[in-house]
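J.: Taking my numbering, the leading residue of the sequence shown gets 586, the next gets one more, and so forth. Think of the CB as a built atom: it goes at the ideal place given N, C-alpha and C, for glycine as much as any other residue.
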Amino acid sequence: MQRLIDFITNSRVWRSFFRHGWPDNPLDRSLVMTTNVFFHLHPVKVSRKSLSAKYSLGLGLISAIVFGVLSITGLLLMFYYAPTVERAYGYITILQTQVPFGQLLRNMHRWGAHLMVISVVLHMARVFYTGAYKPPREFNWVVGVVLLILTLGASFTGYLLPWDQLAYWAITVGTSVAGYEPLMGAAIKSILLGGPEVGQEALTRFYALHVMLIPGAILLITSLHMWRVRKDGGLAAQDAEESEESGAKSEE
Ligand code: HEM
586 MQRLIDFITN SRVWRSFFRH GWPDNPLDRS LVMTTNVFFH LHPVKVSRKS
636 LSAKYSLGLG LISAIVFGVL SITGLLLMFY YAPTVERAYG YITILQTQVP
686 FGQLLRNMHR WGAHLMVISV VLHMARVFYT GAYKPPREFN WVVGVVLLIL
736 TLGASFTGYL LPWDQLAYWA ITVGTSVAGY EPLMGAAIKS ILLGGPEVGQ
786 EALTRFYALH VMLIPGAILL ITSLHMWRVR KDGGLAAQDA EESEESGAKS
836 EE
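1) Please classify Leu820 as buried or exposed, where buried requires at least 16 neighbouring CB atoms within 10 angstroms.
2) Three or more C-beta pairs closer than 8 Å, one from the segment 785-803 and one from the segment 725-742: is that the case here?
3) Do Phe741 and the ligand HEM come close, with the Cβ less than 7 Å from some heavy atom?
4) With Val796 and Trp748 assumed to form a contact (beta carbons below 8 Å), what rounded beta-carbon distance in angstroms separates them?
5) Scan the segment 598-627 and note each continuous alpha helix (DSSP H) run of 4 residues or more that stays entirely inside, going in chain order.
6) Does DSSP put Val684 in a helix, a strand or coil?
7) So the candidates are Phe592, Ala698 and Ser648; which of them puts its Cα closest to the Cα of Val705?
8) Could you tell me the boundaries of the alpha helix (DSSP H) in which Thr789 lies?
9) Name the two residues that bound the continuous alpha helix (DSSP H) containing Glu671.
10) In this structure, how does DSSP classify Trp696 when only helix, strand and coil are distinguished?
11) Considering Phe664, what are the terminal residues of the alpha helix (DSSP H) in which it resides?
12) Please name the residue in Thr757, Ala698, Ala667 and Lys639 whose C-alpha comes closest to that of Arg711.
13) Between the alpha carbons of Arg695 and Ala793, how many angstroms are there, rounded?
14) Between which two residues does the alpha helix (DSSP H) containing Asp817 stretch?
15) Are the beta-carbon atoms belonging to Gly697 and Leu655 less than 8 Å from one another?
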């Protein structure tokens, strides 16, 4: 048996996947972290406290997972949707009443959108209450604010797509409010609507923003966000633990 295990673990295929030995020494432990794309999200050394679900409540991860679910369900919804004022509402009705699992798909996307807004806001509150916005993480806080705006933007642009009464009037009100923004209000409103009122131009723009621009930006900026978490030395809990350790050492 041992010979078989040795044969497998020494084979070229195995070694192309696992480029380190059994992690029973500091070098192999750090290689495990740096050669695995998922572990690589963490710094080489991770404190127990920062890994505890009680500390971060996993809210950032939950936001990322919900974004993944939204991307998949959104892609499937595109199979049964056309962004034209004549057909959008009809397609949504067909999806709900005639397509197998259509209603489930639509509800997963809609509830997922609400859940993402809630989890991102709670994640932000957690970051605030643990003081993780302080240096050196202030840049990542700003990156987070951009993610929050994009998350709200995705919800807002998606709202128009069913082209029902609720959508039409919500966007009419929303874009009118945007129009009152000082200095750039009129420009923002006309960029969003592509015309004087909510119509085909607005639907086309909201669709492009909702399925391409905003999700693409969220994907890109979330990668930056995760990279910064690693570069800032992991979660803020780690700093407290490290300074406690160095304090204890200097007292010795
Ligand atoms: C699409 C939205 C977002 C995603 C997917 C996301 C994802 C994550 C993940 C996975 C982490 C690692 C720790 C954890 O799970 O809590 C994290 C940490 C962090 N996030 Fe976010 N985040 C988002 C929005 C935000 C927002 C809105 C803010 C603040 C305005 C923010 C600020 C931070 C900061 C400062 C950290 C480091 C926390 C620490 O060191 O304890 N993020 N984020």
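T.: Once the coordinates are examined:
1) By the 10 Å Cβ count, Leu820 comes out buried.
2) Under the three-pair Cβ rule at 8 Å, the segment 785-803 counts as touching the segment 725-742.
3) Checking every heavy atom of the ligand HEM against the Cβ of Phe741, none is found closer than 7 Å.
4) Contact between Val796 and Trp748 is ruled out by a C-beta separation of about 15 Å, above the 8 Å threshold.
5) 611-620, all fully within the segment 598-627.
6) Three-state DSSP puts Val684 in coil, outside helix and strand.
7) Of the candidates Phe592, Ala698 and Ser648, the one whose C-alpha sits nearest the C-alpha of Val705 is Ser648.
8) Residues Gln785 to Ala793.
9) Neither: Glu671 is in no alpha helix (DSSP H) and is coded neither H nor E.
10) DSSP places Trp696 within a helical segment (H, G or I) once states are collapsed to three.
11) No alpha helix (DSSP H) contains Phe664, which DSSP labels as neither H nor E.
12) Selected option, being the one with the closest Cα: Lys639.
13) So the two alpha carbons sit approximately 18 Å from each other.
14) First-last for Asp817: undefined, no H or E at that position.
15) With respect to the 8 Å criterion, Gly697 and Leu655 are classified as neighbours on the basis of their beta carbons.
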